[in-house]
Amino acid sequence: MNLSRRTLTASVVALAALSLAACGGSSAGAGSADNPYDLQQAGVLRAGTLTDAPPNVFLKNGTFTGFDNDLLTAVAGKLGLKVEFVGTEFSSLLAQVKTRKFDVGSSSISITEARKKTVAFTNTYDFGFLGLDVPKGSTITSFDQLAGKRVAVVQGTVQDDYATRSNLNPVRVPDYNAALNQLKAGTADAWITPAEIGEKTAADSGGKVLSVAKQLDPGGMAYAVAPGNDKLRAALDKAIDEVVADGTWARLQKQYYPGREIPADFKPGSGTAAE
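Taken in order, the sequence shown gives residues 1 to 275; the numbers are from the numbering used here.
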(Lines of atoms letter the chains of each structure in order from A and count residues from 1; the text may use other names and numbers.)
(Lines give C-alpha, C1' and ligand atoms only; values in the text may rest on other atoms or scores of the structure.)
Protein backbone atom coordinates (compact mmCIF):
# COMPACT_ATOMS: atom_id res chain seq x y z
CA MET A 1 0.00 0.00 0.00
CA ASN A 2 2.81 2.40 0.88
CA LEU A 3 4.62 1.44 -2.34
CA SER A 4 1.52 2.28 -4.35
CA ARG A 5 1.24 5.64 -2.63
CA ARG A 6 4.89 6.41 -3.34
CA THR A 7 4.44 5.42 -6.96
CA LEU A 8 1.35 7.61 -7.25
CA THR A 9 3.13 10.54 -5.63
CA ALA A 10 6.11 10.17 -7.94
CA SER A 11 3.81 10.09 -10.96
CA VAL A 12 2.04 13.27 -9.86
CA VAL A 13 5.36 15.04 -9.34
CA ALA A 14 6.59 13.91 -12.77
CA LEU A 15 3.40 15.12 -14.44
CA ALA A 16 3.67 18.45 -12.65
CA ALA A 17 7.26 18.82 -13.83
CA LEU A 18 6.24 18.05 -17.39
CA SER A 19 3.45 20.63 -17.18
CA LEU A 20 5.85 23.27 -15.92
CA ALA A 21 8.31 22.41 -18.67
CA ALA A 22 5.57 22.72 -21.24
CA CYS A 23 4.57 26.10 -19.85
CA GLY A 24 8.19 27.19 -19.94
CA GLY A 25 8.44 26.15 -23.59
CA SER A 26 5.35 28.15 -24.41
CA SER A 27 6.66 31.26 -22.72
CA ALA A 28 9.75 31.09 -24.92
CA GLY A 29 7.62 31.82 -27.97
CA ALA A 30 6.75 35.14 -29.54
CA GLY A 31 8.47 38.11 -27.99
CA SER A 32 10.78 36.11 -25.72
CA ALA A 33 14.40 37.17 -25.52
CA ASP A 34 15.72 34.03 -27.22
CA ASN A 35 12.96 33.76 -29.84
CA PRO A 36 11.63 37.25 -30.66
CA TYR A 37 10.22 36.19 -34.06
CA ASP A 38 8.17 33.22 -32.80
CA LEU A 39 10.15 30.68 -34.82
CA GLN A 40 9.75 26.93 -34.48
CA GLN A 41 13.27 26.84 -33.09
CA ALA A 42 15.06 29.82 -31.60
CA GLY A 43 17.81 31.07 -33.89
CA VAL A 44 16.70 28.95 -36.88
CA LEU A 45 14.55 30.15 -39.78
CA ARG A 46 12.83 27.08 -41.22
CA ALA A 47 12.15 27.78 -44.91
CA GLY A 48 9.97 25.82 -47.29
CA THR A 49 11.31 25.88 -50.85
CA LEU A 50 11.50 23.84 -54.06
CA THR A 51 14.21 21.54 -55.36
CA ASP A 52 13.73 21.88 -59.11
CA ALA A 53 13.31 25.50 -60.20
CA PRO A 54 16.70 26.95 -61.20
CA PRO A 55 17.93 29.66 -61.18
CA ASN A 56 15.39 30.81 -58.57
CA VAL A 57 15.35 27.87 -56.12
CA PHE A 58 16.95 24.46 -56.54
CA LEU A 59 19.02 21.72 -54.98
CA LYS A 60 22.66 21.43 -56.07
CA ASN A 61 25.01 18.80 -54.67
CA GLY A 62 22.74 18.39 -51.67
CA THR A 63 22.56 22.13 -50.92
CA PHE A 64 19.56 24.41 -51.43
CA THR A 65 20.59 27.40 -53.50
CA GLY A 66 19.35 29.79 -56.20
CA PHE A 67 18.70 33.52 -56.13
CA ASP A 68 15.78 33.43 -53.69
CA ASN A 69 17.44 31.04 -51.25
CA ASP A 70 20.86 32.70 -51.32
CA LEU A 71 19.20 36.06 -50.75
CA LEU A 72 17.18 34.64 -47.84
CA THR A 73 20.37 33.27 -46.28
CA ALA A 74 21.90 36.76 -46.46
CA VAL A 75 18.70 38.31 -45.06
CA ALA A 76 18.62 35.83 -42.17
CA GLY A 77 22.28 36.56 -41.46
CA LYS A 78 21.38 40.21 -40.84
CA LEU A 79 19.01 38.96 -38.12
CA GLY A 80 21.52 36.53 -36.61
CA LEU A 81 19.53 33.54 -37.84
CA LYS A 82 20.55 30.30 -39.51
CA VAL A 83 18.32 29.06 -42.36
CA GLU A 84 17.11 25.46 -42.51
CA PHE A 85 15.73 24.77 -45.98
CA VAL A 86 13.18 21.99 -46.56
CA GLY A 87 11.97 20.87 -49.98
CA THR A 88 8.24 20.79 -50.72
CA GLU A 89 5.79 21.24 -53.61
CA PHE A 90 4.59 24.71 -54.52
CA SER A 91 0.96 23.60 -54.47
CA SER A 92 1.18 23.04 -50.70
CA LEU A 93 3.81 25.63 -49.74
CA LEU A 94 1.53 28.53 -48.78
CA ALA A 95 -0.73 26.31 -46.68
CA GLN A 96 2.34 24.94 -44.90
CA VAL A 97 3.51 28.48 -44.14
CA LYS A 98 0.05 29.40 -42.86
CA THR A 99 0.01 26.44 -40.45
CA ARG A 100 3.62 27.22 -39.43
CA LYS A 101 5.14 24.02 -40.65
CA PHE A 102 7.58 26.54 -42.13
CA ASP A 103 8.50 29.95 -40.73
CA VAL A 104 8.87 31.34 -44.24
CA GLY A 105 8.21 30.36 -47.85
CA SER A 106 10.97 30.98 -50.41
CA SER A 107 10.07 30.24 -54.00
CA SER A 108 9.72 33.37 -56.17
CA ILE A 109 6.21 33.72 -54.79
CA SER A 110 4.24 36.33 -56.69
CA ILE A 111 1.94 38.49 -54.58
CA THR A 112 -1.75 38.17 -55.44
CA GLU A 113 -4.90 39.24 -53.60
CA ALA A 114 -5.99 35.61 -53.40
CA ARG A 115 -2.73 34.57 -51.76
CA LYS A 116 -3.01 37.37 -49.21
CA LYS A 117 -5.99 35.47 -47.80
CA THR A 118 -3.63 32.60 -46.89
CA VAL A 119 -0.30 34.21 -45.95
CA ALA A 120 1.33 37.57 -45.26
CA PHE A 121 4.05 38.87 -47.56
CA THR A 122 7.28 40.76 -47.04
CA ASN A 123 8.13 43.68 -49.27
CA THR A 124 8.97 42.57 -52.81
CA TYR A 125 12.56 41.52 -53.44
CA ASP A 126 12.28 40.58 -57.12
CA PHE A 127 10.23 40.95 -60.26
CA GLY A 128 9.53 38.35 -62.87
CA PHE A 129 8.17 37.51 -66.27
CA LEU A 130 5.79 34.80 -67.42
CA GLY A 131 7.57 32.61 -69.94
CA LEU A 132 6.31 30.27 -72.63
CA ASP A 133 8.06 26.99 -73.48
CA VAL A 134 7.05 24.69 -76.34
CA PRO A 135 8.45 21.45 -77.78
CA LYS A 136 10.71 21.58 -80.83
CA GLY A 137 8.69 21.90 -84.04
CA SER A 138 5.75 23.70 -82.42
CA THR A 139 4.10 26.52 -84.36
CA ILE A 140 3.24 28.37 -81.11
CA THR A 141 5.28 31.56 -80.71
CA SER A 142 3.15 33.78 -78.43
CA PHE A 143 0.68 33.74 -75.55
CA ASP A 144 -2.21 34.73 -77.82
CA GLN A 145 -1.90 31.40 -79.65
CA LEU A 146 -2.74 29.25 -76.61
CA ALA A 147 -6.53 29.15 -76.97
CA GLY A 148 -7.68 25.57 -77.49
CA LYS A 149 -4.23 24.16 -76.64
CA ARG A 150 -3.27 21.92 -73.75
CA VAL A 151 -1.12 24.14 -71.57
CA ALA A 152 0.95 22.80 -68.66
CA VAL A 153 1.14 24.87 -65.45
CA VAL A 154 2.35 24.09 -61.95
CA GLN A 155 -0.73 23.96 -59.74
CA GLY A 156 -1.31 26.99 -57.52
CA THR A 157 1.22 29.24 -59.27
CA VAL A 158 0.74 32.63 -60.89
CA GLN A 159 1.08 30.78 -64.19
CA ASP A 160 -1.94 28.68 -63.17
CA ASP A 161 -3.81 31.90 -62.33
CA TYR A 162 -2.94 33.34 -65.74
CA ALA A 163 -4.11 30.22 -67.59
CA THR A 164 -7.38 30.21 -65.66
CA ARG A 165 -8.06 33.92 -66.21
CA SER A 166 -7.31 33.50 -69.90
CA ASN A 167 -9.80 30.63 -70.24
CA LEU A 168 -7.13 28.22 -71.42
CA ASN A 169 -7.05 24.46 -70.98
CA PRO A 170 -4.47 24.04 -68.20
CA VAL A 171 -2.85 20.70 -67.46
CA ARG A 172 -2.09 21.15 -63.74
CA VAL A 173 0.99 19.35 -62.44
CA PRO A 174 2.73 19.37 -59.02
CA ASP A 175 6.19 20.61 -60.03
CA TYR A 176 8.42 21.87 -62.83
CA ASN A 177 9.85 18.48 -63.74
CA ALA A 178 6.32 17.18 -64.28
CA ALA A 179 5.53 20.16 -66.54
CA LEU A 180 8.65 19.53 -68.60
CA ASN A 181 7.73 15.86 -68.90
CA GLN A 182 4.33 16.89 -70.29
CA LEU A 183 6.10 18.70 -73.14
CA LYS A 184 8.51 15.85 -73.78
CA ALA A 185 5.70 13.29 -73.81
CA GLY A 186 3.54 15.39 -76.12
CA THR A 187 0.68 15.50 -73.61
CA ALA A 188 0.88 19.31 -73.46
CA ASP A 189 1.33 21.76 -76.32
CA ALA A 190 2.97 24.46 -74.22
CA TRP A 191 4.15 25.24 -70.69
CA ILE A 192 3.65 28.62 -69.04
CA THR A 193 6.69 29.13 -66.80
CA PRO A 194 8.48 31.68 -64.67
CA ALA A 195 10.51 33.12 -67.57
CA GLU A 196 13.99 32.55 -66.12
CA ILE A 197 13.16 28.95 -65.28
CA GLY A 198 11.67 28.38 -68.72
CA GLU A 199 14.70 29.90 -70.46
CA LYS A 200 17.15 27.77 -68.48
CA THR A 201 15.06 24.64 -69.03
CA ALA A 202 15.08 25.27 -72.79
CA ALA A 203 18.82 25.95 -72.80
CA ASP A 204 19.47 22.67 -70.96
CA SER A 205 17.18 20.59 -73.19
CA GLY A 206 19.53 20.19 -76.12
CA GLY A 207 17.07 21.83 -78.50
CA LYS A 208 14.11 19.63 -77.51
CA VAL A 209 12.34 22.53 -75.79
CA LEU A 210 12.20 26.15 -76.95
CA SER A 211 11.53 29.32 -74.96
CA VAL A 212 9.47 31.43 -77.36
CA ALA A 213 7.90 34.34 -75.45
CA LYS A 214 7.71 36.21 -72.16
CA GLN A 215 5.71 39.01 -70.59
CA LEU A 216 5.99 40.92 -67.31
CA ASP A 217 4.30 39.42 -64.25
CA PRO A 218 2.74 42.46 -62.54
CA GLY A 219 2.62 41.08 -59.00
CA GLY A 220 6.20 41.24 -57.79
CA MET A 221 7.79 38.49 -55.69
CA ALA A 222 8.13 38.25 -51.90
CA TYR A 223 8.75 35.85 -49.05
CA ALA A 224 5.65 34.44 -47.34
CA VAL A 225 5.14 34.28 -43.58
CA ALA A 226 2.25 33.18 -41.40
CA PRO A 227 -0.57 35.69 -40.91
CA GLY A 228 -0.12 37.52 -37.63
CA ASN A 229 3.63 37.02 -37.35
CA ASP A 230 4.22 40.74 -37.80
CA LYS A 231 7.53 40.77 -35.92
CA LEU A 232 9.10 38.30 -38.33
CA ARG A 233 7.68 40.05 -41.39
CA ALA A 234 8.93 43.46 -40.23
CA ALA A 235 12.36 42.05 -39.39
CA LEU A 236 12.65 40.43 -42.83
CA ASP A 237 11.61 43.71 -44.48
CA LYS A 238 14.34 45.59 -42.62
CA ALA A 239 16.94 42.95 -43.48
CA ILE A 240 15.94 42.95 -47.16
CA ASP A 241 16.70 46.68 -47.24
CA GLU A 242 20.07 45.96 -45.62
CA VAL A 243 21.11 43.40 -48.25
CA VAL A 244 20.04 45.83 -50.96
CA ALA A 245 22.11 48.60 -49.38
CA ASP A 246 25.25 46.47 -48.94
CA GLY A 247 25.22 45.28 -52.58
CA THR A 248 24.26 41.64 -51.94
CA TRP A 249 21.00 41.92 -53.89
CA ALA A 250 22.76 43.38 -56.96
CA ARG A 251 25.54 40.79 -56.79
CA LEU A 252 23.09 37.89 -56.69
CA GLN A 253 21.08 39.41 -59.55
CA LYS A 254 24.19 39.43 -61.73
CA GLN A 255 25.16 35.91 -60.61
CA TYR A 256 21.84 34.23 -61.30
CA TYR A 257 20.33 36.44 -64.01
CA PRO A 258 23.26 37.70 -66.09
CA GLY A 259 22.10 40.17 -68.69
CA ARG A 260 18.55 40.43 -67.33
CA GLU A 261 17.22 43.95 -67.64
CA ILE A 262 15.73 45.37 -64.45
CA PRO A 263 12.58 47.44 -65.08
CA ALA A 264 13.28 51.12 -64.38
CA ASP A 265 10.36 51.42 -61.96
CA PHE A 266 11.26 48.34 -59.87
CA LYS A 267 12.86 48.98 -56.47
CA PRO A 268 13.52 45.98 -54.19
CA GLY A 269 12.44 46.03 -50.56
CA SER A 270 10.92 49.24 -49.29
CA GLY A 271 12.41 51.06 -52.26
CA THR A 272 14.32 53.42 -49.98
CA ALA A 273 17.63 51.52 -49.71
CA ALA A 274 20.45 52.92 -51.83
CA GLU A 275 22.37 50.22 -53.70
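Ideal Cβ placement from N, Cα and C applies to all residues, glycine included.
Nearest-angstrom beta carbon gap, residue j and residue i [assumed within contact, 8 Å]
i	j	result
Leu168	Val151	5 Å
Lys231	Pro55	No, Lys231 and Pro55 are not in contact; Cβ-Cβ is about 31 Å, not under 8 Å.
Local conformation of residue i per DSSP, three classes
i	result
Arg172	strand
Leu130	strand
Lys60	strand
Gln255	helix
Asn177	helix
Gln318	For residue 318 there is no data in the structure shown, the boundaries of the chain being 1 and 275.
Ser92	helix
Asp160	helix
Ile109	strand
Limits of the unbroken beta strand (DSSP E) element including residue i
i	result
Gln215	Val209 to Val225
Glu84	Lys82 to Gly87
Gly148	It is not in any beta strand (DSSP E) - Gly148 carries neither H nor E in the DSSP assignment.
Beta-carbon proximity of residue i to residue j, cut-off 8 Å
i	j	result
Val171	Thr187	yes
Phe127	Ala224	no
Ser107	Leu93	yes
Glu84	Arg46	yes
In DSSP terms, what residue i is bridged to
i	result
Asp52	Phe58
Ile192	Leu132
Thr65	Phe58
Ala47	Phe85 and Val104
Asn123	DSSP lists no partner for Asn123.
Gln182	Paired residues: none, contrary to the question.
For residue i, the first and last residue of its enclosing alpha helix (DSSP H)
i	result
Ala235	Asp230 to Ala245
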